[in-house]
Structures are given as structure tokens and as C-alpha cells.
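> I have a structure I would like to understand better, so I am pasting it below and will then ask my questions one at a time.
There are 2 protein chains.
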Amino acid sequence: MKKDVSRTTAVLTAEDIATIVGLRGVEHILDELIDRLRDALLTFDPDRVHSPARAGFQYEEPEVGLLEWMPAMELGRVAAVKTVGYHPRNPTRKGLPSVMATTSVYDTATGQLLALLDATLLTALRTGAASAVATDILAVDGPLSVGVIGCGAQAVTQLHAISRVRPVERVTVLDTDPVVAASYNRRVAFLDRPTTVVNPEGDTRLLADVDVLCTCTSVDVGKGPVLRDGEHRPWLHVNAIGADFPGKQELPLPMLERAVLCPDLPSQCRVEGESQWVQPDRIGPDLATLVKHRSSYEPYRSVLTVFDSTGWALEDLVVAELFIELASREGIGSTVTLQRTATDPFDPYALITP
Amino acid sequence: MKKDVSRTTAVLTAEDIATIVGLRGVEHILDELIDRLRDALLTFDPDRVHSPARAGFQYEEPEVGLLEWMPAMELGRVAAVKTVGYHPRNPTRKGLPSVMATTSVYDTATGQLLALLDATLLTALRTGAASAVATDILAVDGPLSVGVIGCGAQAVTQLHAISRVRPVERVTVLDTDPVVAASYNRRVAFLDRPTTVVNPEGDTRLLADVDVLCTCTSVDVGKGPVLRDGEHRPWLHVNAIGADFPGKQELPLPMLERAVLCPDLPSQCRVEGESQWVQPDRIGPDLATLVKHRSSYEPYRSVLTVFDSTGWALEDLVVAELFIELASREGIGSTVTLQRTATDPFDPYALITP
Numbered sequence: 001m002k003k004d005v006s007r008t009t010a011v012l013t014a015e016d017i018a019t020i021v022g023l024r025g026v027e028h029i030l031d032e033l034i035d036r037l038r039d040a041l042l043t044f045d046p047d048r049v050h051s052p053a054r055a056g057f058q059y060e061e062p063e064v065g066l067l068e069w070m071p072a073m074e075l076g077r078v079a080a081v082k083t084v085g086y087h088p089r090n091p092t093r094k095g096l097p098s099v100m101a102t103t104s105v106y107d108t109a110t111g112q113l114l115a116l117l118d119a120t121l122l123t124a125l126r127t128g129a130a131s132a133v134a135t136d137i138l139a140v141d142g143p144l145s146v147g148v149i150g151c152g153a154q155a156v157t158q159l160h161a162i163s164r165v166r167p168v169e170r171v172t173v174l175d176t177d178p179v180v181a182a183s184y185n186r187r188v189a190f191l192d193r194p195t196t197v198v199n200p201e202g203d204t205r206l207l208a209d210v211d212v213l214c215t216c217t218s219v220d221v222g223k224g225p226v227l228r229d230g231e232h233r234p235w236l237h238v239n240a241i242g243a244d245f246p247g248k249q250e251l252p253l254p255m256l257e258r259a260v261l262c263p264d265l266p267s268q269c270r271v272e273g274e275s276q277w278v279q280p281d282r283i284g285p286d287l288a289t290l291v292k293h294r295s296s297y298e299p300y301r302s303v304l305t306v307f308d309s310t311g312w313a314l315e316d317l318v319v320a321e322l323f324i325e326l327a328s329r330e331g332i333g334s335t336v337t338l339q340r341t342a343t344d345p346f347d348p349y350a351l352i353t354p
Numbered sequence: 355m356k357k358d359v360s361r362t363t364a365v366l367t368a369e370d371i372a373t374i375v376g377l378r379g380v381e382h383i384l385d386e387l388i389d390r391l392r393d394a395l396l397t398f399d400p401d402r403v404h405s406p407a408r409a410g411f412q413y414e415e416p417e418v419g420l421l422e423w424m425p426a427m428e429l430g431r432v433a434a435v436k437t438v439g440y441h442p443r444n445p446t447r448k449g450l451p452s453v454m455a456t457t458s459v460y461d462t463a464t465g466q467l468l469a470l471l472d473a474t475l476l477t478a479l480r481t482g483a484a485s486a487v488a489t490d491i492l493a494v495d496g497p498l499s500v501g502v503i504g505c506g507a508q509a510v511t512q513l514h515a516i517s518r519v520r521p522v523e524r525v526t527v528l529d530t531d532p533v534v535a536a537s538y539n540r541r542v543a544f545l546d547r548p549t550t551v552v553n554p555e556g557d558t559r560l561l562a563d564v565d566v567l568c569t570c571t572s573v574d575v576g577k578g579p580v581l582r583d584g585e586h587r588p589w590l591h592v593n594a595i596g597a598d599f600p601g602k603q604e605l606p607l608p609m610l611e612r613a614v615l616c617p618d619l620p621s622q623c624r625v626e627g628e629s630q631w632v633q634p635d636r637i638g639p640d641l642a643t644l645v646k647h648r649s650s651y652e653p654y655r656s657v658l659t660v661f662d663s664t665g666w667a668l669e670d671l672v673v674a675e676l677f678i679e680l681a682s683r684e685g686i687g688s689t690v691t692l693q694r695t696a697t698d699p700f701d702p703y704a705l706i707t708p
């Protein structure tokens, strides 16, 4: 991109993002994103890609919520900061998604804001794509029986993404809210897979009957796990995406203790993910290592594995850049001259006319 | 504000900000901001206003730079994250200000983005306002002889802000870049104060001759101090705003050691400011304490004081809210429906039409 003082900021609204997805087809977008993420992990160099631990505000007023910032930088090129709100009462009280996010992309040559994107759908897509990358390496060959615990927005992209890397034969789902569970079928109807809803007491039955399990709940701190331990297939692979804060836990401890845990970002998972509950020696290869040495980890397909997905800022950078590129190719989105700068960089008042 | 799913994001561009300032008059805006900041400090309650330590990326490619995020939240009401780039080569290589910033304001009830503002002028204004608040409490009564070391963009708002709390009789300035020093007079011509430029070897002469000194340099890590120690008036007050990173230093150590240091945010100043160079017992009251107990600190007017201004996210929240309010009152700025959300918060694909 040309570096000049009048460079504008690209703005991609929720509607622009949806238009891009609609134009290209949601399957195609997800496949593209899975490929991009896999490529980014394959070439991931921690000396070049920096993603410091996220931090945030946690509060109980005016609503129970969490507002976090997740920065990532590819050295010499670009930086992104996703700000993500997690307000579990949004859906029922306000008709809003519990996870709402925006991503800002900066030019590290000058500090200018290159782009601002609504990242609510992007977050759901990239979280799905990460599970797809992990599932593709760690799950038994298909066709699969898939279980879903927690049937909110993330559950849609989890199932969808898994279906892009393995044939899915049938789906069993569970949610503590019967209304949310009941509407899941309609929301994933486009996948055309037989979906059975079980009630919360059916957790062990669900567990016993699946090859891949996704836990994507809004579990509160200290309120986990979200299912009881029980019999399961020896090769069960779990994508655990709901634990993303100190004290959160989705899986029962005995299950974690007999699994190989594969964190997305180990330093973050030890603090916020399922990894916080086990001894360090239970923690296996991280997602980038799995992708880089895929064939070495083939044997993991026959044992219990857990992808500890806390959400990695690198994923947000990858999905933001994909959509910026697609928007530019399709001519979608708008621009704003947010940072028009005066001719004299030493005069802060140069733009002001009395 | 009404909490509904179609709420838009207010966008205030650099031009909008300049228009607001032009409409109200730059003096009036600065007075308003100084008042607001003083009020925020007077009522500052660390249990209600949270501003965790800022963090950032520091890099040497593609340019020497720093990109930092500065979050602040007033519990129960609102949160803001300023992202600020510091690229010291911007002015000479790109014709851009070295400090470029944007501020995002979030609703902590839902996580929605309420407003996005260019914060380049806002940063210069709030840094000036903070120095004005400190100077008003700590400097000798006017009329003052004011010194300025480092004549970039911040030097304009520093002098301007000081002139709002004390009569300024004359100004002496110094910059290592003679071109920047030479243009300062023109940039502060609106203040109509006799301004003398001295060359860098004149640092001790400048020091000896002023009541208030502002150091607002782009000093590099490990390259300070920016002036030599020397004779000065016993009541000298210094606003030191250039040290804002570990290893940065503007003032000579003996001077710091005989001064009372007043940090803006003590935890941050001990890591990034002039406070990092002295023993903890040299660090005096912080800015909020000074404002709250103003009369107790009257005696400080007769001794050497240093306002250690690293830049506090609370100041960014105050200036952002002031401009959002003024924009709304004056009908300036635009809105974007960034986060339009579908009717079903559990369906991430609801907005997509194939």
C-alpha cells in the first residue's frame, strides 16, 4: 500500500462482512480461512509473530461482563488489536450476541489505523477454523458422530468447520437452556445432518456416543465442568472452546488428566484454558507444532485428545487480513479519512480554522 | 443512551475534531478540558476507575516504532482503549506526526463500540491539560518565564496549556533540530509571547532563566538526559513528558534527586517515566492526590518539582468523552452501523444472504 498522509481507514461493517460471505459462499469462506490459518501456523515463527497475553476488564456492573484486548503483530508488516466483549446476558436481555468484537489493523511503519472491522462473525469463523485445523489432525477418520455441548452462536461455526475437514454422519447436542437447544437444528439446517437434542441429564449418553465433542458453553468462573465424566470412545477428540478465563473449566478433571491437551497458545491456556487444571506434563504439542509436524502426531488419532482453544490473537489477524483482501477484491466496504493529517506534522493546530 | 441492537458507532475524524475545536475556540476547549480533567482527578476513585498498565509492541522494522494500547474503564459506565503509535521518524520521513492515535469507546453493558475517534490532536491536548493541572498547583505565581526543550507537536499544547493557568511573560526554546526550533515561533504565534530560540549548547542558560520548564523531546531509550544539570531558580517546576518507556530519561539524575517527583500514574511512572531513575522515597504525591489536597501542597511552589507525565489512560477517556459530547451538541461527525446484529443472537450466519 502507498504510504501517504491522506491514507484512509477501511471500514468493514457486520453487513459488509455478511455480504462478502454471501457472495463467496459460507463453505468456501470457511475453507479459505482454514487454509490460511493452517498456512500461518505452518510458517509460525515466534520471533516474528508476537501475541502478548491478552488482558481485560472484568466487571459485574452495569452487567456481568468482560472486555478484553488481544494484540498480535507480524514483525515488519502489520499489527492488529481485537477488542472483544463477552456479556453472557446479551442474548436473553438485549437480543445481542454474547461475544461482540471489533478488530483494528495498524500499519507498523507509521502507526496509522488501516482498517476497522466488526469481528463478531469473524470471531465465530476463526474459532471454528481453529477447531477444524485441530480436528483434522487429531480426530479419527470419518464419518463422524459429533457431539455439541452449548448450542449458542459458536456451536454453529464449530459444527460447520468440523464438517469441512471430516464427513459428519450425525450430531447430538445439549444445552442447559432448552429453547437454545431446540433452535439449533434450524440454525444448522444448511448442513443437512440428522441432529438429536438430549437434555442435560443425557450428558454421559452423549459422551459415550461421539467421535468428536465440541464444548462451547458460557460456563461461569467456578461453575464447571459442563458434563460429567463417563465412558467414551478411546479415540475421542474434544474441541474445548468455552474456558477462556482464569477459573473457567468445561471438562471434568479426570478426563483432562487422561487426555493429551493441545493448547492454541500455551502461555494463555495455562492461565485461562483447560490447561490451568492439569500438571504441566499433561500438556502436549500446541496447535502450531501439530501443524508443523503433522505426521508425527498421527498416533494421537487413537487416543483421547483435547484441543484447548482459548482463542489466539494470531487467528484474529489471519481472519481480518483475509476479509480486508476479499473486501478489496469484491469492492465491498467503505473508507473514512479518520487520520487526515495536516501539512505540518509539528503543528497540532494546523487543521483548525477559527 | 438507548440500548438497542441497531445502535451505531460514532466516528470523529481528525477533521471533525478540528472543526469542533475551531467552532468553540482552541482556548475555550483547552479550558474546558483542564476543568474536566481536574474534576476527574478530584473524584478519582481507584476502585471505580481502572487503568491497567499499558503494554505495546516495540520494533525496529519496518521503522523504529512503538504501538501501545492504553485501556481505562469507569466501572459501571464506559471503557476506552487508546491505541497510540510512536514513530519518531514520521515527521521527517513521512510528513506525519510522530504520535498518532485512535481511541475506541465501548459500552460495558454490552461490549458494543460506541465511538471511534482520531486521537492525535486529543493526545496533544490532554497531555497539555495534564501539565496545566500540575503547573497550576506546583508552579510559582506568574508572570512566568517558560522554557521548552523539544519543539515538536507536544510543545505547542504544553505552552498553550500553561498559558491558560498562568500569565506567560516570555519563552525560551531549544531543539536539537534547528529547523524544528526555528518554526516553533510561527506555530505558537497565536499566543503572542516573545519567544527566543537558543542552540543546544544553551541548555544551562535556558535552565537558569525559567520558572517553568517543559521537556517534550523524542529522546531515545538510553540517550537521555536531554539537558545538563546546572543552576536554576529554587522554585523551578518541570513538566517532563518525553519519558514514557523503560530506559527513557529527559532530566539529569542530580536534578531528579533533589526534586519532588509527582507522577501521573505512579505504577506506570516507576517503569517508564523519570520516576524509574530515583529511589522510591523521592516520589511525592501523584496528580490525583495533588488535586484532591491542593492546599496541603502549597509549600511545593517554592521548591524544585517535576511532574512526571507518562500519559494516563484516564486522561484519554476524559478527552474522548468531552469531544463525543461536543460533537453531539454541535452535530458534527458521522455514524456507522458497524455492529448491526441479526434478530437471532445465536445464529452467526443470520445476516448472510446467499
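Note that the protein sequences, when read in sequence, are chains E and U. Numbering-wise (our numbering), the first sequence opens with residue 1 and increments by one. Numbering-wise (our numbering), the second sequence opens with residue 355 and increments by one. Even glycine gets a Cβ: it sits at the ideal position worked out from N, Cα and C. The model shown is predicted, which means the values in this text are computed figures rather than measured ones.
1) Write down the C-beta distance between H237(E) and A208(E) rounded to the nearest angstrom, noting that I regard them as a contact closer than 8 Å.
2) Is the Cβ-Cβ distance between G627(U) and A597(U) less than 9 Å?
3) Can you list the residues of chain U that P62(E) reaches, using a CB-CB cut of under 7 Å?
4) Please report the distance separating the alpha-carbon of T8(E) from that of Q339(E).
5) Consider the Cβ of T353(E): report whether some Cβ of chain U lies at a distance smaller than 9 Å.
6) Do you know offhand how far D141(E)'s Cα is from G230(E)'s?
7) Among residues of its own chain, excluding the 5 on either side of C151(E), which ones have a beta-carbon nearer than 6 Å to its beta-carbon?
8) Taking M73(E) as the query, report the chain U residues whose CB atoms sit under 9 Å from its CB, ordered along the chain.
9) Going along the chain, which unbroken runs of the beta strand (DSSP E) with 3 or more residues stay wholly within the stretch 616-692 of chain U?
10) Which residue spans inside the stretch 74-154 of chain E form an unbroken beta strand (DSSP E) run of at least 3?
11) Please report how far the alpha carbon of P178(E) lies from the alpha carbon of T215(E), in whole angstroms.
12) Going by DSSP in three states, L23(E) sits in which element: helix, strand or coil?
13) Could you spell out where the alpha helix (DSSP H) holding E415(U) opens and where it closes?
14) Taking the alpha carbon of Q412(U) as the reference point, which residue from E60(E), L42(E), P62(E), R77(E) has its own alpha carbon closest?
15) Specify, as a first and last residue, the run of the alpha helix (DSSP H) that E257(E) falls within.
16) Give me, in chain order, the residues of the same chain whose beta-carbon lies closer than 6 Å to that of V171(E); leave out the 5 immediate sequence neighbours on both sides.
17) Can you find a C-beta in chain E that's less than 9 Å from the C-beta of K602(U)?
18) Grouping DSSP H, G and I as helix and E and B as strand, with all else coil, what is A208(E)?
19) Could you tell me whether the Cβ of I371(U) comes closer than 9 Å to any Cβ of chain E?
20) Thinking C-beta only, is G311(E) closer than 9 Å to T120(E)?
21) Can you tell me whether P699(U) is buried or exposed? The criterion is at least 16 other CB atoms within 10 Å of its CB, across all chains shown.
22) Between the stretch 315-330 of chain E and the stretch 25-41 of chain E, do three or more beta carbon pairs fall short of 8 Å?
23) Are A433(U) and V459(U) touching if we call contact CB-CB under 9 Å?
24) Give me the chain U residues within the contact set of K82(E), using Cβ-Cβ distance strictly less than 8 Å, ordered along the chain.
25) Can you tell which of E257(E), L138(E), E250(E) has its C-alpha closest to the C-alpha of S295(E)?
26) List the residues of chain E whose Cβ lies closer than 8 Å to the Cβ of P445(U), in chain order.
27) In three-state DSSP terms, what is N185(E)?
28) Residues bridged to A594(U) by DSSP?
29) Hey, D31(E) and R164(E): beta-carbon distance below 9 Å or not?
30) Quick one: any contact between the stretch 606-626 of chain U and the stretch 634-652 of chain U, if contact means 3 or more CB pairs under 8 Å?
31) Establish whether the CB of C505(U) and some CB of chain E are separated by less than 9 Å.
32) Taking only beta carbons into account, state which residues of the stretch 255-289 of chain E come closer than 8 Å to chain U, listed in chain order.
33) Ignore the nearest five residues each way along the sequence and tell me which others in V336(E)'s own chain have a CB closer than 8 Å to its CB.
34) Excluding the 5 residues flanking W235(E) on each side, which residues of the same chain have their C-beta closer than 8 Å to its C-beta?
35) What's the call for V64(E), buried or exposed, on a 16-neighbour Cβ count within 10 Å?
36) Say the cut is 8 Å; is the CB of D220(E) nearer than that to a heavy atom of the ligand ATP?
Reading it off the structure:
1) About 15 Å; that fails the 8 Å criterion.
2) yes
3) G430, T462, A463
4) 7 Å
5) yes
6) 23 Å
7) V173, D175, V180, A181, Y184
8) Close partners of M73(E) in chain U (Cβ separation under 9 Å): F411, Y413, L421.
9) 659-662, 688-690
10) 78-86, 99-107, 113-118, 144-149
11) 16 Å
12) helix
13) No alpha helix (DSSP H) holds E415(U); DSSP gives it neither H nor E.
14) R77(E)
15) 253-258
16) Counting only Cβ-Cβ distances below 6 Å, and skipping sequence neighbours, we find V146, R193, T195.
17) no
18) helix
19) yes
20) no
21) buried
22) yes
23) Yes, these two residues count as a Cβ contact at 9 Å.
24) Those within 8 Å of K82(E) in chain U number zero; the least Cβ separation is about 11 Å.
25) Cα-wise, what sits closest to S295(E) is L138(E).
26) P345, F346
27) helix
28) T569(U), D662(U)
29) yes
30) yes
31) yes
32) none
33) T8, T9, V11
34) A139, V140, D211, R301, S302, V303, L304
35) exposed
36) Absent from the structure shown: the ligand ATP. Ligands present: none.
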